[in-house]
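Residue numbers (my numbering), protein chains in the order written: chain A, -2 to 455; chain B, -2 to 455.
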């Protein structure tokens, strides 16, 4: 699911990244619904045209940056390109012989802005061109920022597949011309590490603390993580810094959710004076200056954390019903849609069709009020989620919401049945790339109910 | 689960290996049950003694092979040591300062046999010593074969943990002296890729072909995999070779299960003459010489596959009830126990307690007949299993059977409740190492039912 997450704190989540999942956070589709019988990309991009030529991807394909003003000092593009090349193999042994013609030997990436700070509203657009003429044959990617280029690389990876006859990575329907940009700047996924601890590898997006546990280290108040479930179910400050960097390199922002004064029972395990009394432990004692000192210590993120992504902005209330967004924007407030009846992943009876058809602008006709809806977020509350079941509870339903948040409304199918096949094939791609995405049919986190192919639709 | 799989074909499975899982296939316990309140290792080894000293693992710990006659030409030990060092970190950032004393700076591995062919019955024993005196402090590992040394490295990795105060890998209760060897040479796990395709990353142990699909390439009969579910749900011969090597480097043998003449409907998709008639497609037409030519082609494993692990041996019948093993060995036949009422992982109502208490020698008192039971196997039949749910359906129940198959009978708890805590903590270790093992309590593949710590027992 492609995401940019704006900077606000209260009741928002800290987006952290999971290797297995993040490779798929920036995937777009490159073909109209009616052509998806042979093109399986998700979600749908803004503009696509393609031809009929089959191309082969060289086993030695390289990336160049001719004409780019972006230095890639952090190696963001270099690393992303290597990940994409690995992903395309789907863990198969690619040992066919390179043909003499129609071989893609390179990808040239042109990024116009030398900046790579992941600010809210950063330009994520890109142009992707896969030519069939010229020598050498090189994919052309152009983007304003490195983050648009990351999306382009993910799109390219979905155009490619392992062919079992040639034993090579191939690409059909070239030449391709794709122009793409997201519909909403905010496309979020919330992960809750308070109700159950999630190992570092499993953390994607962080509802970091709640009444049940306080798993993260706050150096200025070292007893706070005495509220963790156990000595091992914790995150150090260095873990957080490491995960923030990991996410930024993939175009994902890390956001903290810290609820106060409610949902903070676990804070008092290490500092009982935060509790009004032993018999009344919630909400926090706001008559006590120490409480605000602790909150400041948490918001500062620990002395070593880059706090640029921790900036507080106006509180945006969730747990909202379908009809609340129009009232919020009518009041002139920005809004992120995350209605529990449709976009709460812990509701297993919420089907992918419901995730797909949930329109953030429903009931909002005034363009100015529409512009106050900066996006939406699917929520993976953790009461019954842990490392054993989180991936198949999130996927593929989160991908259905991703297309709703990325793709121009005029390209979104009104009848989800029109995209079931494409989503089912995307789910198989997630499986082949190592993500435990569940079958699309039926409820969330369902098991296959009989023998059959991966893209079984019902 | 530690495994060695003997060479026979009919109704047996081809053991292939999964990166995430295989790191945990060779794990032993190093402490008596009554001491497991602070030592969490699984399964129990043959002999253990330990002290009370805390040690620190150097961030620059290195492996040496002084006194070893094993050249490690394939890099089996070198790679295994690197994996173990990575595993010990549990994906945390290890950035504490090395203390001045009690620091383990190295692991010295002595392997006596230069051979590393993974034959049935290969010596898997090892001695592991973690000293507290001497300079430099180095772990000592001694084994007859490299495969015993792999087990020792896994045991060492379980002695270590990430400490959230020192931000270092630590090891308590040193000095350690462990002598260990498996009770049964055959400790198997069957995975079924016919009823649902499993991507290469997910394949562990291969029931390769059944009536539903024929996913693997057989070069001498290239139309056989026309019986695959789709063009993408296939394994090339090179994939198989790659997976066989991957498994061997981890002490796991790869075995093929090819059922004939039944369970072979999918063969005829590419070669209809294998079917007796269009209306009768099973069993294969054994009056047709072509049928035997195809079987030969499959057993030869494809021109490029090392066929040393494909050698046919006497058929051993499974689907056996509890009481069948005594009859089989009474008849003088070798037996692998895999009773469906206790050791079929697809039976979600089979709890870990049943996996743990299932004794392969039950009802067999004659030592000679006991020696005919070469081990056991848990089976992950694939009718309702795919990449989305296979890990949590296998783990932790397979680990419960692993201790039954590895640990001396006199060290096995008669009441499984005595080991619930240790297994629950081992399940958390699997989660932290990236394996989606389900909670231990209740049925197989259960979800956590309320907020709480990972090692919640009920």
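The beta carbon of each residue, even a glycine, is placed where N, CA and C say it ideally should be. This structure is a prediction, so every number in the text was calculated from the model and none was measured.
Is it right to say residue 207/B is buried, meaning 16 or more other beta carbons lie within 10 angstroms of its own, or is it exposed?
As a working mapping, residue 207/B is identified with position 210 in the second chain. When all chains shown are included, residue 207/B counts as buried.
Could you tell me the alpha carbon to alpha carbon distance between residue 177/A and residue 42/A, rounded to whole angstroms?
Here residue 177/A refers to the residue found at position 180 of the first chain. Here residue 42/A refers to the residue found at position 45 of the first chain. Roughly 5 Å separates the two Cα atoms.
Answer yes or no: does any C-beta atom of chain A fall closer than 9 Å to that of residue 363/B?
Taking the second chain and counting its residues from 1, one reaches residue 363/B at position 366. No - not a single Cβ of chain A is within 9 Å of the one on residue 363/B.
Skipping 5 residues on each side, what residues in its chain have a beta carbon closer than 6 Å to that of residue 156/B?
For the purposes of this step, residue 156/B is taken as the residue at position 159 of the second chain. Once the five neighbours on either side are set aside, the close Cβ partners of residue 156/B are 168.
Suppose you measure from the CA of residue 434/B to the CA of residue 441/B; what does that come to, to the nearest Å?
Here residue 434/B corresponds to residue number 437 of the second chain, with the count starting at 1. Here residue 441/B corresponds to residue number 444 of the second chain, with the count starting at 1. Each residue's Cα considered, the two are about 10 Å apart.
Would residue 419/B and residue 347/B be called neighbours here (beta carbons separated by less than 9 Å)?
Residue numbering aside, residue 419/B sits at position 422 when the second chain is read from its first letter. Residue numbering aside, residue 347/B sits at position 350 when the second chain is read from its first letter. Cβ atoms of residue 419/B and residue 347/B: not closer than 9 Å.
Looking at C-alpha atoms only, which residue of 138/A, 258/A and 74/A is the closest neighbour of residue 279/A?
Indexing the first chain from 1 puts residue 279/A at position 282. The shortest C-alpha separation from residue 279/A is found at 258/A.
Under three-state DSSP, which class holds residue 129/A?
Taking the first residue of the first chain as position 1, residue 129/A is located at position 132. Reduced to three states, the DSSP call for residue 129/A is coil.
Start and end of the beta strand (DSSP E) containing residue 41/B?
Working through the second chain from its first residue, we reach residue 41/B at position 44. First-last for residue 41/B: undefined, no H or E at that position.
Does residue 189/A pass the burial test, meaning 16 or more other C-beta atoms within 10 Å, or should it be called exposed?
For the purposes of this step, residue 189/A is taken as residue 192 along the first chain, with counting starting at 1. Under this definition residue 189/A is a buried residue.
So, does the CB of residue 95/A fall closer than 9 Å to a CB anywhere in chain B?
On the first chain, position 98 is the one that residue 95/A refers to. No - not a single Cβ of chain B is within 9 Å of the one on residue 95/A.
Which residues in the same chain have their Cβ closer than 6 Å to the Cβ of residue 375/B, if we skip the five residues on either side of it in sequence?
By one-based count along the second chain, residue 375/B stands at place 378. Cβ within range, chain order: 186, 340, 342, 395 and 398.
If you draw a straight line from the alpha carbon of residue 137/A to that of residue 146/A, how long is it in whole angstroms?
Residue 137/A sits at position 140 when you count from the first residue of the first chain. Residue 146/A sits at position 149 when you count from the first residue of the first chain. Roughly 10 Å separates the two Cα atoms.
Put residue 338/B into one of helix, strand or coil per three-state DSSP.
As a position in the second chain, residue 338/B is number 341, starting the count at 1. Here residue 338/B sits in helix by DSSP.
With DSSP collapsed to three states, give me the class of residue 30/A.
Stepping through the first chain from its first residue, residue 30/A is reached at position 33. Here residue 30/A scores only 35 on pLDDT, less than 50, and its place in the model is too uncertain to base an answer on.
Let me know if residue 445/B comes out buried or exposed under the rule of 16 or more other beta-carbons within 10 Å of its beta-carbon.
Here the question's residue 445/B lines up with position 448 in the second chain. Buried.
Using the rule of at least 16 other Cβ atoms within 10 Å of the residue's Cβ for burial, across every protein chain shown, is residue 40/B buried or exposed?
On the second chain, position 43 is the one that residue 40/B refers to. That one is buried.
Show which residues of chain B have a CB atom less than 9 Å away from the CB atom of residue 434/A.
In the first chain, residue 434/A corresponds to position 437, counting from 1. Per Cβ cutoff of 9 Å: 384 and 385.
Going along the chain, which residues of its own chain have a beta-carbon closer than 8 Å to the beta-carbon of residue 180/B, five neighbours each way excluded?
Walking along the second chain from the start, residue 180/B turns up at place 183. Cβ neighbours of residue 180/B beyond the five flanking positions: 402, 403, 404, 405 and 406.
Does DSSP put residue 243/B in a helix, a strand or coil?
For the purposes of this step, residue 243/B is taken as residue 246 along the second chain, with counting starting at 1. Residue state, collapsed to three classes: helix.
Quick one: is residue 275/B near chain A, going by C-beta distance under 9 Å?
Within the second chain, residue 275/B is the residue found at index 278, counting from 1. Answer no: the Cβ-Cβ gap between residue 275/B and chain A never drops below 9 Å.
What separation, rounded to the nearest whole angstrom, lies between the Cα atoms of residue 149/B and residue 124/B?
Locating residue 149/B in the second chain gives position 152, where the first residue counts as 1. Locating residue 124/B in the second chain gives position 127, where the first residue counts as 1. Cα-Cα distance, rounded: 7 Å.
Cβ of residue 465/A within 9 Å of Cβ of residue 38/A?
Residue 465/A lies beyond the residue range present for chain A, which begins at -2 and ends at 455; the question has no answer from this structure.
How long is the line joining the alpha carbons of residue 358/A and residue 373/A, rounded to whole angstroms?
Counting from one through the first chain, the residue named residue 358/A turns up at place 361. Counting from one through the first chain, the residue named residue 373/A turns up at place 376. Using only the alpha carbons, I get a separation of about 10 Å.
At 9 Å on the CB atoms, spell out the chain B contacts of residue 242/A, in chain order.
For the purposes of this step, residue 242/A is taken as residue 245 along the first chain, with counting starting at 1. Chain B residues near residue 242/A: none, gap ~11 Å exceeds 9 Å.
Show which residues of chain B have a CB atom less than 8 Å away from the CB atom of residue 428/A.
In the first chain, the residue the question calls residue 428/A occupies position 431. Under the 8 Å cutoff, chain B gives 196, 199, 383, 384 and 385.
Write down the C-beta distance between residue 210/A and residue 229/A rounded to the nearest angstrom, noting that I regard them as a contact closer than 8 Å.
The residue you call residue 210/A lines up with position 213 of the first chain. The residue you call residue 229/A lines up with position 232 of the first chain. Contact flag wrong, Cβ pair sits at about 12 Å.
Nearest to residue 426/B by CA position, among 158/B, 272/B and 322/B, is which residue?
The count along the second chain starts at 1 and reaches residue 426/B at position 429. Selected option, being the one with the closest Cα: 158/B.
Can you tell me where the beta strand (DSSP E) with residue 158/A in it begins and where it stops?
Within the first chain, numbered from 1, the residue matching residue 158/A stands at position 161. 157 to 160 is the span of the beta strand (DSSP E), which, as asked, contains residue 158/A.
Could you confirm whether any beta carbon from chain A is found closer than 9 Å to the beta carbon of residue 209/B?
Position 212 of the second chain, counted from the start, is the residue given in the question as residue 209/B. At least one chain A Cβ lies under 9 Å of residue 209/B.
So, with DSSP's three-state summary, where would you put residue 355/B?
Start at 1 with the first residue of the second chain, and residue 355/B comes out as number 358. In the structure shown, residue 355/B sits in coil (DSSP, three-state: anything other than H, G, I, E or B).
Mind checking if residue 222/A is an interface residue toward chain B, Cβ cutoff 9 Å exclusive?
Position 225 of the first chain holds residue 222/A. Taking Cβ atoms only, chain B reaches closer than 9 Å to residue 222/A, which makes this a yes.
What distance in whole Å lies between the Cβ atoms of residue 59/A and residue 108/A, which are believed to be in contact at a cut-off of 8 Å?
Residue mapping note: residue 108/A aligns to position 111 of the first chain, counting from 1. Residue mapping note: residue 59/A aligns to position 62 of the first chain, counting from 1. In fact, because the Cβ distance is near 17 Å, the residues do not count as touching under 8 Å.
Buried or exposed: residue 101/B, going by 16 or more other Cβ atoms within 10 Å of its Cβ?
Residue 101/B sits at position 104 when you count from the first residue of the second chain. Flag for residue 101/B reads buried.
How long is the line joining the alpha carbons of residue 99/B and residue 428/B, rounded to whole angstroms?
Taking the first residue of the second chain as 1, we reach residue 99/B at position 102. Taking the first residue of the second chain as 1, we reach residue 428/B at position 431. Roughly 29 Å separates the two Cα atoms.
Looking at residue 90/A: is its Cβ nearer than 9 Å to the Cβ of residue 233/B?
Here residue 90/A refers to the residue found at position 93 of the first chain. Here residue 233/B refers to the residue found at position 236 of the second chain. Closer than 9 Å, so yes.
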